[in-house]
Amino acid sequence: MSFKRLSPSSASSVLLSAICAAALVGCGSSVKLDDKAPPVENRTATPVDTTAPAQSQVTSVDLTKGSADTTGADRIVYFDFDSYTVRDDARRVIDLNAKVLAANRAKRMAAEGHTDERGGREYNLALGQKRAEAVVRALVVSGAAENQLEAVSFGKERPAATGSDEAAYAKNRRVELTNR
Amino acid sequence: MLALVIWALASPVAQAQFRVEMSGVGASQVPIAIARFRDEDRYGQVLSAIVRADLERSGLFRGVDAREVIDEEAKPTMAQWRALAADALVVGSVTRLADGRFDVRFKLWDVVKGAELGGQSTLVAQADLRLAAHRIADYVHEKLTGQKGVFSTRIAYVTRAGRNFTLRIADADGEGGQVALNSAEPIISPAWSPDGRELAYVSFESQKAVVYVQDVVSGKRRVVANFKGSNSAPAWSPDGQTLAVTLSRDGGSQLYLIGRNGDNVRRLTQSMGIDTEPAFSPDGQFVYFVSDRGGSPQIYRTSVGGGGAERITFAGSYNISPAVSPDGRTLAYIARQGNAFRLYTQELSGGAPQLLSDTSDDESPSFAPNGRLIIYASRAQGRDVLMTTTLDGKIRARLVSTSADVREPVWGPFGR
Numbered sequence: 001m002s003f004k005r006l007s008p009s010s011a012s013s014v015l016l017s018a019i020c021a022a023a024l025v026g027c028g029s030s031v032k033l034d035d036k037a038p039p040v041e042n043r044t045a046t047p048v049d050t051t052a053p054a055q056s057q058v059t060s061v062d063l064t065k066g067s068a069d070t071t072g073a074d075r076i077v078y079f080d081f082d083s084y085t086v087r088d089d090a091r092r093v094i095d096l097n098a099k100v101l102a103a104n105r106a107k108r109m110a111a112e113g114h115t116d117e118r119g120g121r122e123y124n125l126a127l128g129q130k131r132a133e134a135v136v137r138a139l140v141v142s143g144a145a146e147n148q149l150e151a152v153s154f155g156k157e158r159p160a161a162t163g164s165d166e167a168a169y170a171k172n173r174r175v176e177l178t179n180r
Numbered sequence: 001m002l003a004l005v006i007w008a009l010a011s012p013v014a015q016a017q018f019r020v021e022m023s024g025v026g027a028s029q030v031p032i033a034i035a036r037f038r039d040e041d042r043y044g045q046v047l048s049a050i051v052r053a054d055l056e057r058s059g060l061f062r063g064v065d066a067r068e069v070i071d072e073e074a075k076p077t078m079a080q081w082r083a084l085a086a087d088a089l090v091v092g093s094v095t096r097l098a099d100g101r102f103d104v105r106f107k108l109w110d111v112v113k114g115a116e117l118g119g120q121s122t123l124v125a126q127a128d129l130r131l132a133a134h135r136i137a138d139y140v141h142e143k144l145t146g147q148k149g150v151f152s153t154r155i156a157y158v159t160r161a162g163r164n165f166t167l168r169i170a171d172a173d174g175e176g177g178q179v180a181l182n183s184a185e186p187i188i189s190p191a192w193s194p195d196g197r198e199l200a201y202v203s204f205e206s207q208k209a210v211v212y213v214q215d216v217v218s219g220k221r222r223v224v225a226n227f228k229g230s231n232s233a234p235a236w237s238p239d240g241q242t243l244a245v246t247l248s249r250d251g252g253s254q255l256y257l258i259g260r261n262g263d264n265v266r267r268l269t270q271s272m273g274i275d276t277e278p279a280f281s282p283d284g285q286f287v288y289f290v291s292d293r294g295g296s297p298q299i300y301r302t303s304v305g306g307g308g309a310e311r312i313t314f315a316g317s318y319n320i321s322p323a324v325s326p327d328g329r330t331l332a333y334i335a336r337q338g339n340a341f342r343l344y345t346q347e348l349s350g351g352a353p354q355l356l357s358d359t360s361d362d363e364s365p366s367f368a369p370n371g372r373l374i375i376y377a378s379r380a381q382g383r384d385v386l387m388t389t390t391l392d393g394k395i396r397a398r399l400v401s402t403s404a405d406v407r408e409p410v411w412g413p414f415g416r
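Residue numbers (our numbering), protein chains in the order written: chain A, 1 to 180; chain B, 1 to 416.
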């Protein structure tokens with residue numbers, strides 16, 4: 001009797017195919033594509049999750065431009081009940097932000113209109129849009145360029161204050177200026 | 001005067017999300033007994049309880065208590081059911097097959113005549129046992145009233161829990177909810193495509209209002225309108241090829257028509273004020289919408305070919321959120337009276353507004369595809385809730401969510 005001696009290369013190929021076979025077995029046991037009988041009716045609603053931030057998202061913080069930018073209360077314009085005209089007491093906020101935009105033509109801002117909670121969602125969205133467009137017009141009159149600004153609305157969907165009283169309503173009838 | 005019926009659906013399944021509370025008595029209701037189906041309680045859904053709740057919510061039936069188990073093979077003693085004043089009786093069974101599916105059988109009896117009115121056998125997956133029960137309710141509804149039931153249709157709605165917004169799809173009774181979209185930003189104005197395969201909606205995920213369309217089964221989404229400014233209020237044309245939307249891209253909020261893939265944008269209205277909340281008439285010839293062109297928000301309609309607008313609502317100073325019944329005859333909308341926002345209907349051939357609700361924060365009415373019920377959002381005990389009502393306002397049901405504020409309901413089409 002004689003045994004054929006395995007060459008080093010054929011030994012390694014045997015070993016390789018053994019690993020492959022093991023891997024295939026592993027695959028076969030972990031992915032069962034035909035595990036269940038197909039449903040009679042497909043009623044699956046596949047969820048899409050937009051809460052997770054993109055993994056490559058980087059939020060820039062530029063301290064060198066801090067002095068030339070506005071923050072907090074300098075970014076909010078309030079409105080009277082059922083009104084879409086920019087009040088006189090908003091003059092300072094309008095001028096401040098118009099100046100920032102005029103000094104840096106590459107800068108972009110959004111004027112985000114908001115309403116109080118009373119009334120329909122879509123109609124309030126249109127009312128918030130009207131407020132946002134009024135603020136954009138005021139900024140352009142004060143020196144900002146039209147293409148630096150976008151008027152958008154959140155309607156009653158993103159209140160600044162919760163509560164169903166006039167104090168909360170007054171805080172919610174507003175336009176917020178945000179960087180874009 | 002008003003009888004109050006409250007029960008909890010006996011469902012051991014964890015996904016059950018709503019409790020249904022009903023109030024009111026209809027003018028003429030068919031007393032019907034739904035016997036317990038043989039082996040129905042072994043697979044997670046008590047079919048007879050689902051059938052009964054469906055039929056009662058329609059306002060056309062009154063459940064007669066039936067604790068007995070009776071299957072479709074049995075010959076029930078009619079005298080016994082006549083003694084309980086039942087006019088009709090539903091019996092049935094649930095059988096698990098070797099392949100894992102379920103054979104759901106039922107038979108409908110006319111108790112007064114002692115005659116069979118028909119029955120069916122359907123094979124379903126376990127996940128569709130609720131659907132099988134809803135189809136039985138639809139069968140009974142059609143046999144006994146001559147009109148199609150809507151129990152096997154679906155609704156879409158939005159829940160908010162903290163800063164989490166979720167677009168959900170559920171059975172017409174609010175049960176069996178599934179997530180279509182989950183977002184950290186608001187979602188509003190969902191709208192079913194006429195074939196029930198897609199949902200259009202407004203999402204604020206990019207920090208502005210953008211109109212998306214999502215395939216319900218695959219979850220695949222596409223942007224339909226993302227112009228400068230706000231994009232909102234999607235409404236499907238009856239043929240499913242066109243959407244009416246509100247865009248602010250040319251300044252102000254105005255109505256536009258746009259192809260289902262975002263192509264072929266055409267302006268529909270030209271006003272100095274706000275035009276929004278479009279809704280097609282069932283024949284596709286008109287678009288109803290809200291406009292403040294007359295100084296206060298009122299409902300108007302215009303031809304899809306453009307041209308002038310005709311004012312539809314005249315009473316009061318705030319009428320919004322138009323919905324047209326499937327037969328094109330009735331308009332449902334929300335009217336403000338003082339500080340209250342209430343659901344009204346009005347015959348489009350003329351006639352006075354009719355108040356349908358007794359709540360004060362009603363929103364977003366939507367007709368069932370058979371035109372017999374309206375679903376709408378309201379507030380109760382500090383929560384956003386969903387309500388259904390019959391068109392005469394006599395039978396109202398509240399779908400009470402256990403965990404979140406619910407709003408923006410919209411009723412899907414027939415044909416699931």
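Glycine included, C-beta positions come from ideal geometry on N, C-alpha and C.
Inset, instruction - Would you kindly check if the distance between the Cβ of valine 64 of chain B and the Cβ of alanine 33 of chain B is under 8 Å? - result: Working through the second sequence from its first residue, we reach residue 33 of chain B at position 33. Working through the second sequence from its first residue, we reach residue 64 of chain B at position 64. In contact: alanine 33 of chain B and valine 64 of chain B (Cβ atoms closer than 8 Å).
Legend entry - Proximity winner among B/Thr145, B/Ser121, B/Thr122 and B/Ala79, relative to alanine 115 of chain B (alpha-carbon distances): In the second sequence, residue 115 of chain B corresponds to position 115, counting from 1. Measuring from the Cα of alanine 115 of chain B, the nearest candidate turns out to be B/Ala79.
Inset, instruction - Note down the Cα distance separating methionine 51 of chain B from glycine 316 of chain B, rounded to an integer number of angstroms. - result: For this step, residue 51 of chain B is matched to residue 51 along the second sequence. For this step, residue 316 of chain B is matched to residue 316 along the second sequence. It should be noted that the sequence gives valine, not methionine, for residue 51 of chain B. In a straight line, the C-alpha of valine 51 of chain B is about 41 Å away from that of glycine 316 of chain B.
Legend entry - C-beta neighbour in chain A for phenylalanine 227 of chain B, strict 8 Å: Start at 1 with the first residue of the second sequence, and residue 227 of chain B comes out as number 227. Taking Cβ atoms only, chain A never reaches closer than 8 Å to phenylalanine 227 of chain B, which makes this a no.
Legend entry - Beta bridge counterpart(s) of alanine 53 of chain B as assigned by DSSP: If you number the second sequence from 1, residue 53 of chain B lands on position 53. Alanine 53 of chain B is not bridged to any residue.
Legend entry - Inter-residue Cα distance where the pair is aspartate 95 of chain A and glycine 412 of chain B: The sequence position of residue 95 of chain A within the first sequence is 95, counting from 1. The sequence position of residue 412 of chain B within the second sequence is 412, counting from 1. Approximately 50 Å, taken between the alpha carbons.
Legend entry - Segment limits, alpha helix (DSSP H) that includes glutamate 142 of chain B: Stepping through the second sequence from its first residue, residue 142 of chain B is reached at position 142. Per DSSP, the continuous alpha helix (DSSP H) segment holding glutamate 142 of chain B begins and ends at 129-145.
Legend entry - Contact set for glutamine 285 of chain B: own chain, Cβ-Cβ below 8 Å, skip 5 residues either direction: Translated into the one-based positions of the second sequence, residue 285 of chain B becomes position 285. Taken in chain order, the residues that qualify are Ser303 and Val304.
Legend entry - Span of the alpha helix (DSSP H) around aspartate 95 of chain A: Locating residue 95 of chain A in the first sequence gives position 95, where the first residue counts as 1. Start and end: 91-103.
Inset, instruction - Indicate whether tyrosine 333 of chain B and serine 325 of chain B have their beta-carbon atoms separated by less than 8 Å. - result: Stepping through the second sequence from its first residue, residue 333 of chain B is reached at position 333. Stepping through the second sequence from its first residue, residue 325 of chain B is reached at position 325. When the beta-carbon positions are compared, tyrosine 333 of chain B and serine 325 of chain B stay at least 8 Å from each other.
Legend entry - Chain-ordered chain B contacts of glycine 119 of chain A [CB-CB under 8 Å]: In the first sequence, the residue the question calls residue 119 of chain A occupies position 119. Those are Tyr318, Ile320, Arg336 and Phe341, listed as they occur along chain B.
Inset, instruction - Answer yes or no: does any C-beta atom of chain A fall closer than 8 Å to that of glutamate 56 of chain B? - result: Taking the first residue of the second sequence as position 1, residue 56 of chain B is located at position 56. Chain A contact via Cβ: absent.
Legend entry - Classification of phenylalanine 165 of chain B by the beta-carbon crowding that lies within 10 angstroms, buried from 16 upward: Within the second sequence, numbered from 1, the residue matching residue 165 of chain B stands at position 165. Buried.
Inset, instruction - Taking only beta-carbon positions, decide if glutamine 148 of chain A is within less than 8 Å of chain B. - result: Start at 1 with the first residue of the first sequence, and residue 148 of chain A comes out as number 148. For glutamine 148 of chain A, the answer is no, since every Cβ of chain B falls outside 8 Å of its Cβ.
Legend entry - Spatial neighbours of alanine 184 of chain B in its chain, beta-carbon cut-off 8 Å, leaving aside the 5 residues before and after: Start at 1 with the first residue of the second sequence, and residue 184 of chain B comes out as number 184. Same-chain partners within the cutoff: Arg163, Asn164, Phe165 and Glu205.
Legend entry - Interface partners of alanine 151 of chain A on chain B, CB under 9 Å: The residue given as residue 151 of chain A occupies position 151 in the first sequence. Here the neighbours are Lys228, Gly229, Ser230, Ser248 and Gly251.
Inset, instruction - Could you tell me the distance, in whole angstroms, from the CA atom of glutamate 122 of chain A to the CA atom of alanine 233 of chain B? - result: If you number the first sequence from 1, residue 122 of chain A lands on position 122. If you number the second sequence from 1, residue 233 of chain B lands on position 233. Distance between the alpha carbons of glutamate 122 of chain A and alanine 233 of chain B is about 7 Å.
Legend entry - Beta carbon of proline 186 of chain B nearer than 8 Å to that of proline 238 of chain B: As a working mapping, residue 186 of chain B is identified with position 186 in the second sequence. As a working mapping, residue 238 of chain B is identified with position 238 in the second sequence. Proline 238 of chain B sits away from proline 186 of chain B, with the two beta carbons spaced by 8 Å or more.
Legend entry - Within the region 111-160 of chain A, ranges of the beta strand (DSSP E) (whole runs, at least 3 residues): 149-155
Legend entry - Against chain B: residues of the region 72-102 of chain A by CB proximity under 9 Å: none
Inset, instruction - Mark leucine 355 of chain B as exposed unless 16 or more other C-beta atoms lie within 10 angstroms of its C-beta, in which case mark it buried. - result: Taking the second sequence and counting its residues from 1, one reaches residue 355 of chain B at position 355. Flag for leucine 355 of chain B reads exposed.
Inset, instruction - Examine chain B for any beta-carbon lying closer than 8 Å to the beta-carbon of tyrosine 123 of chain A, and answer yes or no. - result: Here residue 123 of chain A refers to the residue found at position 123 when the first sequence is read from its first residue. It does: the Cβ of tyrosine 123 of chain A has a partner Cβ on chain B nearer than 8 Å.
Inset, instruction - Please compile the residues from chain B whose C-beta is within a distance smaller than 7 Å of the C-beta of glutamate 133 of chain A. - result: Reading the first sequence from its first residue, position 133 is the one you call residue 133 of chain A. Residues of chain B passing the Cβ test: Gly251.
Legend entry - Boundaries (first-last residue) of the beta strand (DSSP E) holding glutamine 120 of chain B: Here residue 120 of chain B corresponds to residue number 120 of the second sequence, with the count starting at 1. It spans 115-124 - the beta strand (DSSP E) in which glutamine 120 of chain B sits, taken as one unbroken run.
Legend entry - Residue(s) in a DSSP beta bridge with tryptophan 192 of chain B: As a position in the second sequence, residue 192 of chain B is number 192, starting the count at 1. DSSP output for tryptophan 192 of chain B lists B/Leu199 as bridge partner(s).
Inset, instruction - Compare the beta carbon distance of arginine 407 of chain B and glutamate 363 of chain B with 8 Å and say whether it is the shorter of the two. - result: By one-based count along the second sequence, residue 407 of chain B stands at place 407. By one-based count along the second sequence, residue 363 of chain B stands at place 363. Against a cut-off of 8 Å, the Cβ pair of glutamate 363 of chain B and arginine 407 of chain B comes out as a contact.
Legend entry - Assigned exposure category for lysine 220 of chain B - 16 Cβ within 10 Å defines buried: By 1-based counting over the second sequence, the position of residue 220 of chain B is 220. Result: exposed.
Inset, instruction - Following the continuous beta strand (DSSP E) through glutamine 178 of chain B, name the residue where it begins and the one where it ends. - result: For the purposes of this step, residue 178 of chain B is identified with residue 178 of the second sequence, where counting begins at 1. Element bounds for glutamine 178 of chain B: 178-183.
Inset, instruction - Report buried or exposed for asparagine 172 of chain A, applying the criterion of at least 16 other Cβ atoms within 10 angstroms of its Cβ. - result: Your numbering for residue 172 of chain A matches position 172 in the first sequence. Per the 10 Å Cβ criterion, buried.
Legend entry - Proximal residues of chain A, C-beta to C-beta of serine 189 of chain B below 8 Å: Position 189 of the second sequence, counting from 1, holds the residue named residue 189 of chain B. Chain A residues near serine 189 of chain B: Arg121 and Glu122.
Inset, instruction - Enumerate in chain order the residues of its own chain whose CB-to-CB distance from leucine 84 of chain B is below 7 Å, with the five nearest sequence positions on each side excluded. - result: Position 84 of the second sequence holds residue 84 of chain B. Only residues of its own chain outside the window of five on either side were considered, and among them Ala33 and Val64 have a CB closer than 7 Å to the CB of leucine 84 of chain B, listed in chain order.
Inset, instruction - Please compile the residues from chain B whose C-beta is within a distance smaller than 8 Å of the C-beta of glutamate 157 of chain A. - result: Here residue 157 of chain A refers to the residue found at position 157 when the first sequence is read from its first residue. The contacting residues are Pro186, Ile188 and Phe204.
Legend entry - When B/Val124, B/Gly196, B/Lys208 and B/Asp292 are compared against threonine 313 of chain B, the one with the closest alpha-carbon: Translated into positions along the second sequence, residue 313 of chain B becomes position 313. Comparing Cα positions, the closest option is B/Asp292.
Legend entry - Proximity winner among B/Val46, B/Leu257, B/Lys148 and B/Thr276, relative to leucine 125 of chain A (alpha-carbon distances): Here residue 125 of chain A refers to the residue found at position 125 when the first sequence is read from its first residue. Out of B/Val46, B/Leu257, B/Lys148 and B/Thr276, B/Thr276 has the C-alpha closest to the C-alpha of leucine 125 of chain A.
Inset, instruction - Please classify threonine 77 of chain B: is it buried, with 16 or more other beta-carbons within 10 angstroms of its beta-carbon, or exposed? - result: For the purposes of this step, residue 77 of chain B is identified with residue 77 of the second sequence, where counting begins at 1. That one is exposed.
Legend entry - DSSP three-state assignment for arginine 398 of chain B, whether helix, strand or coil: Counting from one through the second sequence, the residue named residue 398 of chain B turns up at place 398. In the structure shown, arginine 398 of chain B adopts extended strand secondary structure according to DSSP, grouped into three states.
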